[in-house]
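In my numbering, the protein residues as written are 3 to 863.
(1) Considering only their Cβ atoms, is the gap separating residue 659 from residue 676 smaller than 9 Å?
(2) Where residue 269 and residue 512 are concerned, what is the direct C-alpha to C-alpha distance, given to the nearest angstrom?
(3) Looking at C-alpha atoms only, which residue of 624, 684, 668 and 632 is the closest neighbour of residue 653?
(4) Can you give me the Cβ contacts of residue 279 inside the same chain, cut-off strictly under 8 Å, excluding the 5 residues immediately before and after it?
(5) Relative to the C-alpha of residue 182, which residue among 535, 222, 303 and 215 is closest?
(6) Tell me whether residue 152 sits in a helix, a strand or coil according to DSSP, three-state version.
(7) If residue 136 and residue 142 are in contact, beta carbons under 8 Å, what's the gap, nearest whole angstrom?
(8) Below 8 Å, is the gap between the Cβ of residue 576 and the nearest heavy atom of the ligand ATP?
(9) For residue 339, I'd like the list of residues in its chain whose CB is within less than 6 Å of its CB, leaving aside the five on either flank, ordered along the chain.
(10) If you draw a straight line from the C-alpha of residue 703 to the C-alpha of residue 422, how long is it?
(11) Apart from the five residues on each side of it in sequence, which residues of its chain come closer than 6 Å, Cβ to Cβ, to residue 691?
(12) Are the Cβ atoms of residue 715 and residue 730 separated by less than 9 Å?
(13) What's the call for residue 651, buried or exposed, on a 16-neighbour Cβ count within 10 Å?
(14) In chain order, what are the residue ranges of uninterrupted beta strand (DSSP E) at least 3 long that sit wholly in the region 98-127?
(15) Which value, in whole angstroms, describes the spacing of the CA atoms of residue 867 and residue 264?
(16) Check each candidate in 561, 583, 587 and 564 and name the one with the smallest Cα separation from residue 573.
(17) For residue 74, which of 50, 63, 64 and 61 has the nearest alpha-carbon?
(18) Taking the continuous alpha helix (DSSP H) assigned at residue 195, which residues delimit it?
(19) Using DSSP with H/G/I as helix, E/B as strand and the rest coil, what is residue 416?
(20) What residue from 784, 260 and 542 has the CA that sits closest to residue 501's CA?
(21) Less than 8 Å between the CB atoms is what I'm expecting for residue 498 and residue 463, so what's the real figure, rounded?
(22) Assuming residue 301 is part of the beta strand (DSSP E), what are its boundary residues?
(23) In this structure, does DSSP put residue 851 in helix, strand or coil?
(24) Quick one: using the 10 Å Cβ neighbour count with 16 as the cut-off for buried, is residue 64 buried or exposed?
(25) Taking the beta carbon of residue 602 as the centre, do at least 16 other beta carbons fall within 10 Å, making it buried, or is it exposed?
(26) Do the CB positions of residue 473 and residue 485 come within less than 9 Å of each other?
(27) Mind checking which residues open and close the alpha helix (DSSP H) that includes residue 34?
(28) Counting C-beta neighbours from all protein chains within 10 Å, is the total for residue 409 16 or more, i.e. buried, or is it exposed?
(29) Which whole-angstrom value describes the C-beta separation of residue 320 and residue 303, a residue pair presumed to lie in contact below a C-beta threshold of 8 Å?
(30) Based on Cα-Cα distance, which residue from 482, 82 and 311 lies nearest to residue 527?
(31) Jot down the residue ranges of each uninterrupted beta strand (DSSP E) in the region 404-468, minimum 3 residues, whole runs only, in chain order.
(32) Please report the straight-line C-alpha distance between residue 32 and residue 199, rounded to a whole angstrom.
(33) Taking three-plus beta-carbon pairs below 8 Å as touching, is the region 120-136 in contact with the region 155-165?
(34) Return the chain-ordered list of same chain residues with a C-beta closer than 6 Å to the C-beta of residue 666, the five sequence neighbours on each side being excluded.
(35) Can you list, in chain order, the residues of its chain whose CB lies under 7 Å from that of residue 284, leaving out five sequence neighbours each side?
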């Protein structure tokens with residue numbers, strides 16, 4: 003066989019093999035298209051093949067679509083297989099809406115100039131609004147302008163890129179449905195997109211990109227990562243939720259940006275500033291504005307950050323959180339906890355430091371601020387509360403507006419009083435250092451309560467009320483050092499237990515200045531000035547105890563550190579005390595709780611009741627024992643002898659009785675008065691004096707001891723035919739008046755004088771009539787009766803006023819007369835006005851017989 007024939011045969015065989023191979027490849031490629039059910043039985047009968055294929059479909063001169071391919075094969079059912087295909091579709095006005103590219107395609111014509119095209123291998127779609135989609139296989143249906151991809155796709159539009167497994171491109175509705183494993187990236191500019199520098203990356207199970215409304219809906223779990231450099235601060239934010247929506251917003255001539263994200267269900271956000279601790283955010287719903295770097299959180303919102311070893315915890319029904327602007331607004335059960343401090347209210351608006359620590363906060367609606375410490379807890383509450391904090395997180399200032407309260411609650415109730423302050427219009431607090439309380443100032447009617455544990459019988463709470471109260475704290479910030487209460491101030495001390503010595507005390511003054519013990523928040527003293535008034539009400543009722551009222555120009559209350567009750571109450575300047583019918587005045591009065599004594603000093607101290615009045619340089623009133631002690635210039639006025647229960651021998655029952663001494667002691671319960679050192683009592687011209695004078699009204703006794711001198715009663719004398727009443731003076735070492743017998747008992751060195759008559763004796767009992775005149779006098783021991791020119795002696799004598807006769811007994815009894823000589827007998831009767839002496843002597847033989855001797859003297863002319 004010739005060589006050229008052999009070569010031709012080989013060439014023909016190669017061509018045949020090539021044709022078979024190409025046909026096999028084309029059949030295999032056709033079979034690899036994923037055709038819809040209605041296209042599963044396409045014809046296999048080729049009717050034409052064209053290279054450089056083009057087709058423009060129009061309707062009344064309006065473009066519908068254009069197809070171009072390097073090679074086209076047409077089958078008997080009019081479908082085509084295209085290679086290196088390019089497809090354009092147009093809108094109603096012939097405007098270009100889509101461009102599609104692929105290495106291979108199956109074109110299936112449909113009625114009304116519609117078609118379906120299956121694109122495969124390096125498929126690209128460009129929509130009229132700049133959406134670009136790339137995949138390996140896609141189905142486009144002209145009738146609804148929907149492109150479907152079941153494999154991995156990538157897409158981009160303006161500054162957005164993304165990918166997913168499977169997608170549906172709805173060109174007409176401008177919507178891209180991303181079916182699985184979605185990832186979307188957003189860039190600030192095309193240049194940054196080329197560099198891969200994104201500001202947001204979103205991953206989700208599926209997504210819907212709705213270009214018409216400028217939103218992307220992320221479903222089946224979403225993770226959004228956002229990076230920003232606002233204010234030259236690098237921050238990364240990771241946002242997780244069950245579903246989310248991203249919104250595009252115009253950007254001043256640039257392409258719209260994905261600036262807002264709306265997040266639903268199980269929202270979890272971690273925002274981290276470079277080099278700092280992350281901020282963790284949780285909520286049921288969130289709206290994130292990237293341009294403002296702001297989160298709107300709802301349904302159980304919670305923000306937590308750790309900075310400088312202090313936690314900042316923000317909770318509420320809704321939270322508006324502007325990260326870059328460092329602001330937060332919380333509404334509904336609002337709560338911010340920062341370290342040990344806590345803010346709560348219906349709403350909170352706050353400016354923040356870096357690290358989200360609170361800088362300034364405004365709390366409204368049931369507002370509270372709580373500062374918790376190892377030794378005490380402080381709680382501020384008001385309708386509105388403004389608070390500012392140092393960058394360290396410690397509170398600097400707090401202003402409570404409206405009806406406000408502050409509580410200082412000690413951890414150790416035994417060591418510290420519980421302090422409660424309430425104000426009608428507001429309270430201002432200032433702090434020093436690490437949140438140490440420095441001062442409090444109130445606006446409007448204010449009440450401070452100091453509550454103590456009930457661990458003592460005399461334990462007492464205190465309440466201070468005024469129009470304005472200023473409170474200053476010690477250097478440690480936990481102990482009150484002083485308090486100023488200005489305007490209608492009231493101090494109230496309430497014992498926790500009832501007791502005989504426990505009184506409820508109320509002190510009123512225009513203002514109080516209080517000092518406190520170094521620790522414990524316990525008042526040390528309170529000074530009330532300008533016409534102060536104290537009222538003490540007994541906790542146990544008794545007949546001799548009543549409400550006590552103490553007034554003065556200034557009142558100072560000193561407190562016991564142990565019991566916290568009033569220890570000393572000092573009234574200075576025009577002081578006055580009233581209890582039941584008992585009264586007292588002095589320049590200064592000092593009440594001591596220890597001995598229950600009121601001490602009156604200066605300004606002529608005076609005490610009085612319904613029966614008597616007493617003055618002295620000093621008066622001590624023991625209210626517990628119901629006794630009074632008077633010293634220096636004691637002067638007493640009993641309003642009448644009758645009110646003294648007739649315990650004195652003065653004549654008039656309705657006239658006052660006066661008593662003076664250097665010292666006196668009154669036992670009010672026993673109705674006993676003891677006057678000492680130059681004691682004297684008198685009524686009109688009647689008096690008694692001695693070293694000591696004791697009046698016992700209940701017993702009806704008057705006792706005088708030491709250097710007794712008295713002019714207490716009168717004696718009726720008949721001289722020269724005339725009857726007269728003369729006062730009787732008496733002196734003795736002691737004297738006792740007994741109301742029951744109307745007896746005056748003089749003892750030791752008794753010396754009684756009436757007119758020119760005189761009796762001296764060791765003792766004498768004087769019996770008074772109802773008219774306070776002597777009825778009888780009985781004298782004993784060394785009795786001496788003298789008259790002008792006459793002297794009688796004996797061991798015992800009895801003077802009877804009715805007959806003006808004196809019976810004298812002695813061993814013997816004697817009478818000496820200057821003119822008539824002397825006479826003696828066992829018993830002599832001297833008739834003082836008749837100049838007669840009757841002698842009566844008993845005989846030895848008959849003891850009942852008597853010897854009578856009549857001794858006549860010259861008449862007393």
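Where a beta carbon is used, it is the ideal one built from N, C-alpha and C, also for glycine.
Here the structure is a predicted model, which is why all the values come from computation and not from measurement.
Taking the coordinates as given:
(1) In this structure, residue 676 sits away from residue 659, with a CB-CB distance that is not shorter than 9 Å.
(2) Inter-residue distance for residue 269 and residue 512 is about 59 Å (C-alpha atoms, whole angstroms).
(3) Checked all of 624, 684, 668 and 632; the closest Cα to residue 653 is 684.
(4) The answer, listed in chain order, is 307, 308, 309 and 357.
(5) The shortest C-alpha separation from residue 182 is found at 222.
(6) The answer is strand: DSSP assigns residue 152 an E or B state.
(7) With a beta-carbon spacing of about 14 Å, residue 136 and residue 142 fall beyond the 8 Å limit used to define contacts.
(8) No copy of the ligand ATP appears in this structure; indeed no ligand is present at all.
(9) Cβ within range, chain order: 315.
(10) In a straight line, the C-alpha of residue 703 is about 57 Å away from that of residue 422.
(11) Same-chain partners within the cutoff: 682 and 711.
(12) Yes.
(13) Burial check for residue 651: the Cβ neighbour count within 10 Å reaches 16 or more, so the residue is buried.
(14) Taking only runs of at least 3 residues, the beta strand (DSSP E) segments lying wholly in the region 98-127 are 98-112.
(15) Past the edges of the chain, shown from 3 to 863, lies residue 867, and the structure says nothing about it.
(16) When C-alpha distances from residue 573 are compared across 561, 583, 587 and 564, the shortest belongs to 587.
(17) Out of 50, 63, 64 and 61, the CA that lies nearest to the CA of residue 74 is found in 50.
(18) Looking at the DSSP string, the run of the alpha helix (DSSP H) that includes residue 195 is 192-197.
(19) If DSSP states are grouped into helix, strand and coil, residue 416 belongs with coil.
(20) When only C-alpha atoms are compared, the closest one is 542.
(21) By a beta-carbon distance limit of 8 Å, residue 498 contacts residue 463. Their separation comes to about 7 Å.
(22) Here the beta strand (DSSP E) through residue 301 covers 296-309.
(23) Note that residue 851 has pLDDT 37, beneath the 50 cutoff, so the model's placement of it is unreliable and the number below is only indicative. DSSP places residue 851 in coil when its eight states are reduced to three.
(24) Taking a 10 Å sphere around the C-beta of residue 64, we find fewer than 16 other C-beta atoms and assign the residue as exposed.
(25) Per the 10 Å Cβ criterion, buried.
(26) A contact, by the Cβ cut-off of 9 Å.
(27) Going by DSSP, residue 34 is part of the alpha helix (DSSP H) stretching over 5-34.
(28) Flag for residue 409 reads buried.
(29) Contact holds; Cβ gap of about 6 Å.
(30) The option with the nearest alpha carbon to residue 527 is 482.
(31) List check, beta strand (DSSP E) in window: 406-412, 420-425, 428-434, 438-445, 448-453 and 462-468.
(32) Caution applies to residue 32, whose pLDDT of 48 falls short of 50 and renders its modelled position unreliable; the model cannot decide the point.
(33) Touching, yes.
(34) Excluding the 5 residues flanking it on each side, residue 666 has same chain C-beta neighbours closer than 6 Å at 632, 636 and 677, in chain order.
(35) Non-local C-beta neighbours of residue 284 in its own chain, meaning closer than 7 Å and more than five positions away in sequence, comprise 269, 270 and 304, ordered along the chain.
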